[in-house]
Structure formats: C-alpha cells, structure tokens
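Here our numbering is used: the first residue of the sequence shown is 1274, the next is one more, and so on.
Every residue, glycine too, gets a C-beta built ideally from N, C-alpha and C.
A quick write-up on the structure given underneath.
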Amino acid sequence: MNKRHPLAGLALTFLLLSGCAANAGPESQGIPSAGTVPSPVSEAGHANGHGQSTPKKGTAAADGPSEASLMVCGDQPMDRLVSILKLDSKPNTETSWADNTFTCTYLLDGGALKISVKEAEDQKAALEHFTVEQALAKDAKPIEGLANLGFPAYETVDGSAVFQKDSFVLHVDASAMPATIGPENITRNALAYQLSTTILACWIEHP
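The structure is reproduced here in structure tokens:
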C-alpha cells in the first residue's frame, strides 16, 4: 500500500466529493491486440464511461485492457478536456493495446494528446516500471506535497504527467501540443496534470 500524508487524504476527499470530473492542478508548467484503430468518440464515451462498470485491477492480462484502463478514453476525461479547452465538439480518438499498455490518443487541432495506462503484475512491479520511466524521462521533476495526492508522481518540462497507483502507471502526454493551449492559454503541463487527477478521481471512486 502507498503511504499517504494526512493532507493528501484531504485532497483525495475533495476530489471525490467534487465528482470524477473534479481536478486541481499546480500552475507549474473489444480493443485490437496491437496497432491503432480510429474510433468515434461517441463510441468510446458510451463504451468506456466510468459510471457503467466497476474497474478491475490491472493484472497484465494478455486478452485486453482492464475496465480501469478503458476509463482514460471514457466520458469523464473527454468532458474535462472539452471543458478545459473550450472545444466546440468532442475530438475523435484512436486506441491501441500492446505490451500490456492501453493508449487513448485524442486527436486535437493543436496536436495529439496521448493518455496511456501500463498494467503491471502487481503494485511492486508497477512502482518499478514507474521508477525506471522517471529515470529515463528528460528533465523529470517529482510532483510533491498535496499535488501528488499521495501517489508516486512526476512531470516533465515538455508536458507529461505520470502517476503510479496500485498496479497501474498512468501517463498523460501532451508533449505534441503547443506550450500553451486553448482560449485561456493553459500550459500543456497543467492540462496533463488536470486530466491525470480527473482519471485518478474516477479510479479512487470506483476501486
């Protein structure tokens, strides 16, 4: 189990009370077995919405991603993305499942936004994967204090946020997008963080 600071617990409580779509962020800056297949967002949203089923924990299943992983392409992250960027319509998505990693790519005008979930055998293996990825990431900086919600987490200067929870490693990658995005000029780092906390809130609410 991850040891959490009491104040981090309060932050988690706030997220849950605010619902899956809640977020708070620092202002610092079936699925095919392999390959990528375009999928209309309406199908992804209805099939993978967080409210339709309870996620199972990642077990590195060879037959496809867990329901928790599918949430990253569901209604809540999509609605949050549309709200943050003030989009007129929901963007299309592409999904893939390979190497026990589910990836949902949001196809935006400014560039692709990729959200992936690595499903490890257990929490220890997930933490080991997270640690290796952090060591390999360029200019990685730990997300500390209340901002990490009590989970191992880091961000990169080019717009990625990575969290490890249970047997999952969540990676929101906005590096292909402009440095600032949308009418409110939100940074890509802030976008990655806010979408991460949206997904974490759903995972916590539906363990």
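Best match in the options for proximity to residue i [C-alpha to C-alpha]
i	options	result
E1392	P1425, D1382, A1341	A1341
D1439	T1368, M1344, F1403	F1403
T1378	Q1396, Y1466, I1388	I1388
Q1396	Q1467, A1452, T1429, F1424	F1424
G1337	D1361, M1344, A1371, P1350	A1371
V1442	N1365, W1476, A1420, T1460	W1476
L1422	K1363, V1390, R1353, L1473	L1473
D1446	A1399, S1356, V1390	V1390
Residue i versus residue j - alpha carbon distance
i	j	result
L1380	M1450	11 Å
V1405	T1374	16 Å
E1457	E1367	26 Å
K1359	G1455	7 Å
L1409	L1386	20 Å
G1384	A1465	13 Å
A1452	T1460	6 Å
D1352	D1382	17 Å
Residue i, buried or exposed, once every other Cβ within 10 Å from all chains shown has been counted against 16
i	result
S1339	buried
G1347	buried
S1369	buried
S1469	buried
D1361	exposed
Does the stretch 1423–1435 come within contact of the stretch 1405–1415, defined as at least 3 CB pairs closer than 8 Å?
With the rule of 3 Cβ pairs closer than 8 Å, the stretch 1423–1435 counts as touching the stretch 1405–1415.
Alpha helix (DSSP H) segments (min. 4 residues) lying fully within the stretch 1374–1444: 1396–1409, all fully within the stretch 1374–1444.
**Q.** Whole alpha helix (DSSP H) elements within the stretch 1456–1480, 4-residue minimum
**A.** Within the stretch 1456–1480, the alpha helix (DSSP H) runs of at least 4 residues that lie entirely inside it are, in chain order, 1461–1478.
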